[in-house]
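For the sequence shown, our numbering gives the first residue as 198, with consecutive numbering after it.
The beta-carbon is built from N, C-alpha and C at its ideal position, and this holds for glycine as well.
Fair warning: this is a prediction, and the values are worked out from it, not measured in the lab.
Down below is the structure, laid out as structure tokens.
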Amino acid sequence: MLDPHPDLTSGVIHGLGYLYALLFCMNAYWAVRSFKLGYHFRLPKSLGGQDVPSAGPWAMYAVLLLLVALAHFVSAGRPDAFLIRLPGWLQDLVNVFADPISYFALSTVLFVAMIWLREWWVKPTAAWVLLNITLVSMGLAITDYDFRQIVGKPDNVPIVGMLFIVAFFTWIYFKRANDNDKRIAEGRPLFEQENNEKVLVWPDLVYAELICMVLITVVLVAWGIVLEAPLEEAANAAKTPNPSKAPWYFLGLQEMLVYYDPWLAGVVFPSVILVGLMAIPYIDFNKRGSGYYSFNERKFAVITFLFGFLPLWVAMIILGTFLRGPNWNFFGIFEYWDTHKLAVLDNVNLSDLFWTSMLGQALPGNMFLRELPGILLVLGYFAILPGLMAATVFRKFFHRMGFIRFVVFSNLVLLMVALPLKMVLRWTFNLKYIVAIPEYFFNI
């Protein structure tokens, strides 16, 4: 019987062949570059402990990629017998851990590792290895039909590109910051001060902008020819798309709607994000690290911003794009999007946990008495914690900022922490609302 959704087709195998051919060219260039620059690495003592040119392993890896590319071109006519594909057991293993808890934990661990190992992964060789691992893994993952349908959707292609762009500019920042931190420690001029020559707008800047404009135009034209525009039929009140997703730049907010009411996730938090970004220059007391790349001189500011941007924004966009399927259920990247999948949910409010589960009595009839535990908890979170922060871990911040600036700063931090905190409460206690007053459409 003919499979209507085969994992591999001749066209897919041909396309992957071009991907591996591109990887061959990239790594052949890297091997030549390593040879010209004289890069070496030391073998383990068990293998002799000698210095070996880095160009050798890269050249062998490039030849291997060429052989893989040729295998794709030669065997494209027999997709059923093609062996270079992602193993089924590995797909099942990835899907088993496909749940919001594992995803958020993994993204947090990767963020901590990114900060902790920043001296290592910004090295050119380490970054090149990570890029190769990413591209080869993506090439193997594309051999799965369900994964291919998700990443190959015209709406999702720019998001895949966005991930590489975010990774590239994050790498640029840490590479420059690490370099400047070393220069400061050694008393040398900053990177930005070495080439501090006056450059004319014409022609130096304008011709570079013109080249970029032509290249972007070519990319957009090719994009428009290769990918079909994601235009859908006219809106029909009798037929709602499932899943119904916002544009990619709003998927982070749509994911927040899982944990917060629309007035919070759609109005308050976006407003706080904008106000917080505008307030940063006025509450920042650290004048070092301004105008040049640096991490050591602005550790707290950089870590806080990157945590809000990467795990709490970019990761939420990835989750909403690739892992949220029909009925907004959570699916693995290699899992079929079954519209009939039902997730068993038994969410409860804090008032239910307090009055019914802990005290073993019925909910009070008065809504304010009923929600008093949640109201006190929220007020304590925003009224007591800033004082504790000022007296303990942020004592220096309080003395240098003053009362007003510290109150603004601490509340911005607490609002940012409120999102992962509510996510953890939902996953651990199935907590829906801390304060639930549906009589007035007020829920937290």
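{"Check": "Where residue 199 falls: helix, strand or coil (DSSP)", "Outcome": "Reliability fails at residue 199, whose pLDDT of 42 lies under 50, so the model's placement of it is uncertain and the value that follows must be treated cautiously. Three-state result, residue 199: coil."}
{"Check": "In DSSP terms, what residue 634 is bridged to", "Outcome": "639"}
{"Check": "Length of the line joining the Cα atoms of residue 492 and residue 466", "Outcome": "27 Å"}
{"Check": "Residue 603 beta carbon less than 8 Å from that of residue 594", "Outcome": "yes"}
{"Check": "Secondary structure, beta strand (DSSP E): runs of 3+ residues fully inside the region 360 to 439", "Outcome": "none"}
{"Check": "Beta carbon of residue 479 nearer than 8 Å to that of residue 343", "Outcome": "no"}
{"Check": "Under 8 Å between C-beta atoms of residue 529 and residue 291", "Outcome": "yes"}
{"Check": "C-beta atoms of residue 356 and residue 420 nearer than 8 Å", "Outcome": "no"}
{"Check": "CB of residue 547 within 8 Å of CB of residue 570, strictly", "Outcome": "yes"}
{"Check": "Exposure label - residue 211; buried when at least 16 CB within 10 Å", "Outcome": "exposed"}
{"Check": "Cut-off 8 Å between Cβ atoms - residues of its own chain near residue 490, not counting five sequence neighbours on either side", "Outcome": "370, 373, 374, 376, 377, 388, 389"}
{"Check": "Residue 250 beta carbon less than 8 Å from that of residue 232", "Outcome": "yes"}
{"Check": "Residue 282 versus residue 338 - alpha carbon distance", "Outcome": "8 Å"}
{"Check": "Validate contact between the region 315 to 328 and the region 457 to 475 using beta carbons, cut 8 Å, 3 pairs", "Outcome": "no"}
{"Check": "CB contact flag (residue 297, residue 527, <8 Å)", "Outcome": "yes"}
{"Check": "Residues near residue 624 in its chain [Cβ-Cβ closer than 6 Å; skip 5 each side]", "Outcome": "298"}
{"Check": "Residue 628 in three-state terms, based on DSSP", "Outcome": "strand"}
{"Check": "Classification of residue 531 by the beta-carbon crowding that lies within 10 angstroms, buried from 16 upward", "Outcome": "buried"}
{"Check": "Paired residues, beta bridge with residue 237 - DSSP", "Outcome": "250"}
{"Check": "First and last residue of the uninterrupted alpha helix (DSSP H) at residue 321", "Outcome": "321 to 338"}
{"Check": "Test item: CB-CB of residue 412 and residue 354 under 8 Å", "Outcome": "no"}
{"Check": "Range of the contiguous alpha helix (DSSP H) that encloses residue 536", "Outcome": "Premise fails: residue 536 is in no alpha helix (DSSP H) and is neither H nor E."}
{"Check": "Residues that DSSP places opposite residue 545 in a beta bridge", "Outcome": "628"}
{"Check": "Whole-Å CB distance - residue 301 paired with residue 620, under 8 Å assumed", "Outcome": "6 Å"}
{"Check": "Contact under 8 Å by Cβ, residue 448 with residue 462", "Outcome": "no"}
{"Check": "Buried versus exposed, by CB contacts within 10 Å (16 or more), residue 214", "Outcome": "buried"}
{"Check": "Within 8 Å, strictly: CB atoms of residue 284 and residue 206", "Outcome": "no"}
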